Structure formats: structure tokens, C-alpha cells
Amino acid sequence: MAFESGESFRSDATVIPVNFAAMFVTFGFMIFVASEYLLEAGHLALLVVAIAAALAASVFYPVRWWKLTTYRVGETGVEVKRETWFRLDKIIPYGKIASVNLTRGLPNRILGTSNVVINANAGPSAVVPEATIWLKAADAERLKEIINARMTGPGKEPVFEEAEFVSLVNFTAKDSVIQGVFGQPSAAMFGTLLSIALALFFAFFDREGLTITFVILAVSFAIPAVVNIVKYYDFRVRRVGDTIHIRHGAIWNYSSSFETVKVNAIRVKKPLLARLIGKSSIEAEVIGVTQEKGERPLLCLMVKDEVLPHVISELIPEFSENVDLKKQPKEARYPLLAGAAIRSIVTAAILYPLLFFAIDAASGEFEIPWLISDFGALGAVALTTLLHFFWMDRRMRIEALALGDETMTVVRGVVDRERVTMMYDRVQIVEAVSDPFSRPFGLSRCSFSLLSSVGATNERTGYFETDVLEGIGDTLVERIRSGKRSYSYKSF
Amino acid sequence: MAEYKRLNPKCQVAMYIYNAIAFAVLFAIFFAVWKYLPEAGLARNIENYVRWTTYAILAIVAAYLVLGPVIYYRRYRYIIDGDKVDVRKGIIFIRRSLTPIERIHQVDVSRGPILSMLGLANVTITTAGGVASLSYLEIPEAERVAEELNALVMKILKEGE
């Protein structure tokens, strides 16, 4: 087999018609847009030439690209060589590969193929794949396991997955539906509800408002929910040794394997709707594993809160350290109050005159109830001020921090609750920030920069003692100095 | 034990030049607003509100731009030992950032025309998860810092092999 013997190989030839179709559609759209102008200007010949050129390019380039692009599973890394006009000659070292994933879209399903997607560790490569190889499904599975084995270390034999992928947790179609509907951010839900309320309000005056309501509901809530249901259908996850395997999807299949050492943090997510049914899901910050733009991989669909600790300890015990979550000290109330007061003043300074002048202008043309004309602007300002202080109060009660021996945990989120547990040894920069309202009480907030699935991320704490937060940086350095760290420089 | 270092007082001059440019841009925008406000056809009370709001904003920004460099200079401290880069800085928000040297991927020294004129430079420290910086260092100090950091990173890399 070319993979094991180190010979060069190409993508499967079925990629040619797929690329042809993609190019043809792109060129076709461009020509369609330009055709109106060309025909109006009487350039029929030019239009014919453009169509012929697009057709020729759509046939010629995919064949040439396929023929002149070769791959090799080398001694030190995966080699990619392209000898088209846009030449490429690169080696992706095994030590720099973060993950190898398999994806299957509709064309793959029709043609019996899969995409082997290779992601590197850092920078833009964490989001944009270093290489995507189109192969027959069985070959893709084999190549993925060979690269996975070489990533783990020299001489490691590939373990080919058995046909039956036994998941740690049995998820049903109902769980996919719950994930799709209840896993959506509350901002989208509130936006939808607000839009529906407005559309229904206008529906009293105009029947078209009802149609708009359904369009809003479909675009902002129903479609994303259905997409997620299809995406997370048949979700399976398991851990074999130090490797986590994930597989899911109804039409678009996704399969990923990554070593647990590549997981920088886990994120237990509880959007508002999920909190109402007592369920949470787990996301992972794994370098180089993104499913879609800006989306982190799910380690576990929504499960009951009481089951969650068990899932974490079975699936990724590295992040199941027993820690005591510490709420913010009572003095944190003062900087939070100051923040709410400043936000209220700024909101009032913008909102009050806007509403006051708008109501004033409208009252000249329409008959406005005296309650709105006299107290509308004042009422809106009072409401937003109340909201700011309510938000502050919730933050005071919710935000928490726990510093364990190996991990630290941050809890936050007034509406959509998040509990982020991260390894000390994955944190890149620690920054403690104090403001004029927190300094007199010896309090600061802290942000941790770390590598994430989407490139890099910043995790922020609430207000805690400055000494404690600054001590985190010292702990980090002390772990490096003493050699206690589990972080390997070479892996990044 | 290494001690915290401070910036050269010249950094204040650089900050005042940057602030003057920022203020000029803001003033130009507000000046345009004041000039065209009467032609916008707004009610008299709205026009007054906009005018006084921009005056207030300009006054607050001006005070910040005048006092900022002095406070920034007085607060700025940095230290580089064998393990970490530790920077304390800030005007309203005081930040202490700590970057373990083991996490550093790249160190750059950069300077624009204003910094060059004053013999100053910035050092940008890139890690896999974010960027830290040392601002307004004298050029020889910036180059020394960059060399020292690069040497420490190389040493760690060699130890890891």
C-alpha cells in the first residue's frame, strides 16, 4: 500500500468531476451576471468565448490539479507536492500535526469517498487545514490511522477502528434534537422572540406581518436547529488509550481523532433553555480541530447535569480534578456596582435624548398616549438602568474561580452559563487587570490567553484578590522551573 | 534578583505626539459636526444637545491625552529574568502581564518614524495564544531585550531536544 511504503499517491480520481462541477458553477454564475451587460452591449461573440473558456478551464484545471498534486507519508511528515502553476512543496511534520479528521459531504457519500483533513498546531493553520486529501472511504480511514500513529511517536503501529464504534454514552435521535434546539445561544433565541413580537405587532395592521414572523422564525431559529440536528445525528464518542474519537452526522459525516494532550481546555455549556431542562454539553478547546468556521468540537451532546461529572471523568479525566469553586469576595460588589452605574449613565445619555426627541417629533404627527409621551423616555431609561443593576447582581452571584493542582476553572455567564476548565500548562499569557473601583479593595480581574480550536482565545475571571490572580502567573513559571509541567514545548 | 526597569522619560514625548495626532483627528471630526449641524435641520434643542455632548467628550478626551503619558510613564515597569517577561502598565486600568519565556514563539523589534526620531522602539512578543509587548524602549535596550529573549528561547529549545 502506498501509504505504508512511503510511495507517492494522488487523491482519488473522483475528485475531478466534483472540482469540475464546483468550477463550472462558479464560472457559470459569473458569466450569468455578466451576460446581461454583454448581450445589451451586443458582445455576443465575447459571451460565447467566455462560456467556451470557462468550460475549458473547468475541464482542464481539475484534471491538471489532480494529476500534478501528490502526497507521501514520509519519515518525518506528510509531504504535499503540487506542480501546477501555483507550485507547492511542503512537509507537515508529524510533531506539528494537531489532528487528522475525516469529513464526508453529500458528493463523498455518492462517490463512496472521504476527505482526510490534516490540521497543524498553531496560527492560522489551527483553523485552515494544512492539507485535504480526497480518497476512497476505506483508504481515507486507513491513512487517518497511519498518520495518527506516527503523530503519537516513532514505531507506533496504527490501530484500525473496528467496524462497530461503541460510544461511551448512547445518544439517540432525541438527544440530537435536544442539542439542536436547546443548544442554541440565548442571544439568537431572544433576538428571534423580539423579532416575532414585533412582526406580530405589525401583523395587526398588515397581514404580511404574519409571513414575516414565519420567515424570521425559520431563518433565525428553525434552520440553525435543523442544521444542528442533522449535524449531531448519531453522535458517538469514545476514548481509546490517550486518543479521543468522535463521529457524527446524518448527511455530512464528521470523524475526528485527537490525543488528549492536545486538549487545552474543556467548556461545559448551559444555554438558558438547557438550564431549564437541567442539561449541559461539553465542548473542547483542541488545537486544530474546528468543525466549521469558529466552531469548537463537541465532546458530548447534552446530558443530565448529574451524569456530566461521570462523563468527564470517563472521557477526559485530566479535567475532572476535584476543586472548590470560590465565589467573588463581597467587596467585588463595589467595582461591579460602579460598572453598572457607568453603563447606566452612558445608556441614559444616549437613550433618553433619542427617545425624548423621537416621541416629541412623533407626537406632532400621531396621537400618542399620554403615558408614553410624558414618561416613555424616562421609563425606558429606568428599565435599562434596572437591567444593568440586575445583570451586575447576577454576575456577583454567578462568577466563580477554582485553582486546583493541575487545572483552574472559571464560571461565568448570566444567561448562557459556561464553566471553563483549563490546564495551567496550556496558558500562554496571564494578565491581571485592576480598575480604579477595584484597586482600593485589592481586587483585579484576570485573563488567560491560550491556544484554542479557533486559533487563540482569552478566558476572563470575575473580580478576585489581586495577590491570588497574580500568583497564577507565578505558579505557571514555578511549574516550568521545577519541570512539573505536562506541557511540552516541542508539541507547539 | 533582577529589578524592575523603567522607561526613558522620552517615551512621554512620543506619547504626546501620538496623542496630538489622535486629538487633531477627533477635533477635525467634531469641527465638521459643529459646522454642518445648523444645516442638518434639527430642532434647536437637539442641536444644542449634540453640540454640548461633543464639547464634553472633547474635554474628557483632552484631559486624558494630557495626563495619560505622565501616568503611563510613572506606572510602567518591566522585568525579564530567566523564566518570564513581567510587565506592569496602565493609565486607568493597571495591567500586570506575565509571559513565561518557554511560551515565546517570536520576538520582533519595530519602530515607526516618530519612535525612530526619538530613538525608541517596541518589542512584540508572540506566543501561540496571544501577544505581549514592551513599548517605548530605547533602541539599544529593545535590541538587547530581543536578543536576550531569542537566546533564552533557543536555549529552552535545545534543552528540549
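First to last, the protein sequences are chains U and L. Count along the first sequence starting at 1, add 276, and that's the number in the numbering used here. Count along the second sequence starting at 1, add 54, and that's the number in the numbering used here. By construction, the Cβ of each residue, glycine as well, lies at the ideal position given by its N, Cα and C atoms. Quick caveat: nothing in here was measured; it's all calculated off a predicted structure.
{"Item": "Minimum Cβ-Cβ distance from L:Arg-105 to chain U less than 8 Å", "Value": "no"}
{"Item": "L:Arg-165 versus L:Val-199: straight-line alpha-carbon distance, rounded", "Value": "15 Å"}
{"Item": "Local Cβ density within 10 Å of U:Ser-533, reported as buried at 16 or more and exposed below that", "Value": "buried"}
{"Item": "Own chain, CB closer than 7 Å to U:Leu-613, minus 5 neighbours either side, in chain order", "Value": "Met-668"}
{"Item": "Test: L:Thr-108 CB closer than 8 Å to a CB of chain C", "Value": "This model lacks chain C altogether; the protein chains it does include are U and L."}
{"Item": "Residue environment, U:Thr-737, which counts as buried when at least 16 other CB atoms sit within 10 Å", "Value": "buried"}
{"Item": "Within-8 Å CB hit, U:Ala-732 to chain L", "Value": "yes"}
{"Item": "Under the three-state DSSP convention, the category U:Ile-748 falls into", "Value": "helix"}
{"Item": "Coil, strand or helix - U:Glu-351 by DSSP", "Value": "coil"}
{"Item": "Straight-line gap, U:Ala-449 to U:Tyr-509 (C-alpha atoms, nearest Å)", "Value": "6 Å"}
{"Item": "Segment limits, alpha helix (DSSP H) that includes U:Trp-342", "Value": "320 to 344"}
{"Item": "Backbone CA spacing between U:Ser-443 and U:Phe-511 [nearest angstrom]", "Value": "8 Å"}
{"Item": "Amino acids of chain L, ordered along the chain, whose beta-carbon sits closer than 7 Å to that of U:Ser-704", "Value": "The question names Ser, yet the displayed sequence has Gln at residue 704 of chain U. Residues of chain L passing the Cβ test: Arg-157, Thr-181, Ala-182, Gly-183, Gly-184."}
{"Item": "Interface partners of U:Phe-633 on chain L, CB under 9 Å", "Value": "Leu-96, Ala-97, Asn-99, Ile-100, Tyr-103"}
{"Item": "Any chain L beta carbon closer than 8 Å to U:Asp-711", "Value": "yes"}
{"Item": "Beta carbon proximity, L:Lys-138 to chain U, threshold 8 Å", "Value": "yes"}
{"Item": "Length at least 3, wholly inside the region 524 to 604 of chain U: the beta strand (DSSP E) runs in chain order", "Value": "529 to 535, 539 to 546, 555 to 562, 574 to 580"}
{"Item": "CA-to-CA distance, U:Ala-278 to U:Val-587, given in whole angstroms", "Value": "39 Å"}
{"Item": "Own chain partners of U:Ala-289 with C-beta closer than 7 Å, once the 5 adjacent residues on each side are dropped", "Value": "Trp-342"}
{"Item": "Chain L contact for U:Pro-629 (CB, 8 Å cutoff)", "Value": "yes"}
{"Item": "Separation of U:Ile-644 from U:Ala-638, as counted between CA atoms", "Value": "8 Å"}
{"Item": "When U:Val-706, U:Thr-742, U:Asp-743 are compared against U:Glu-735, the one with the closest alpha-carbon", "Value": "U:Val-706"}
{"Item": "Anticipated Cβ contact below 8 Å, U:Asn-395 with U:Ser-375, distance rounded", "Value": "5 Å"}
{"Item": "Residues within the region 744 to 757 of chain U neighbouring chain L, beta-carbon criterion of under 7 Å", "Value": "Glu-746, Gly-749, Leu-752, Val-753, Ile-756, Arg-757"}
{"Item": "CB contact flag (U:Ala-407, U:Val-339, <8 Å)", "Value": "no"}
{"Item": "4 or more residues per run - each alpha helix (DSSP H) lying fully within the region 604 to 683 of chain U", "Value": "609 to 639, 646 to 674"}
{"Item": "Residue of U:Gly-525, U:His-319, U:Thr-661, U:Ser-723 minimising C-alpha distance to U:Ile-621", "Value": "U:Thr-661"}
{"Item": "L:Arg-60 at chain U interface by Cβ criterion, 8 Å", "Value": "no"}
{"Item": "Buried or exposed by the 16-neighbour rule on C-beta atoms within 10 Å, applied to U:Lys-766", "Value": "Low confidence applies to U:Lys-766: its pLDDT is 40, below 50, so where it sits in the model is not reliable enough to give any reading."}
{"Item": "Limits of the unbroken beta strand (DSSP E) element including U:Asp-451", "Value": "Note, U:Asp-451: premise wrong, no beta strand (DSSP E); alpha helix (DSSP H) at 449 to 458."}
{"Item": "Within-8 Å CB hit, L:Pro-167 to chain U", "Value": "no"}
{"Item": "Residue range of the alpha helix (DSSP H) that includes U:Glu-312", "Value": "291 to 316"}
{"Item": "Inter-residue Cα distance where the pair is U:Gly-467 and U:Glu-754", "Value": "46 Å"}
{"Item": "Own chain residues within Cβ distance below 7 Å of L:Ser-151, not counting five before or after", "Value": "Val-141, Ala-186"}
{"Item": "Residue nearest to L:Leu-133 in terms of C-alpha spacing, selected from L:Lys-209, L:Lys-212, L:Ala-196, L:Val-67", "Value": "As written in the sequence, residue 133 of chain L is Ile, which differs from the Leu given in the question. For the residues L:Lys-209, L:Lys-212, L:Ala-196, L:Val-67, the minimum Cα distance to L:Ile-133 belongs to L:Ala-196."}
{"Item": "Distance CB(L:Arg-129)-CB(L:Lys-143) smaller than 8 Å", "Value": "yes"}
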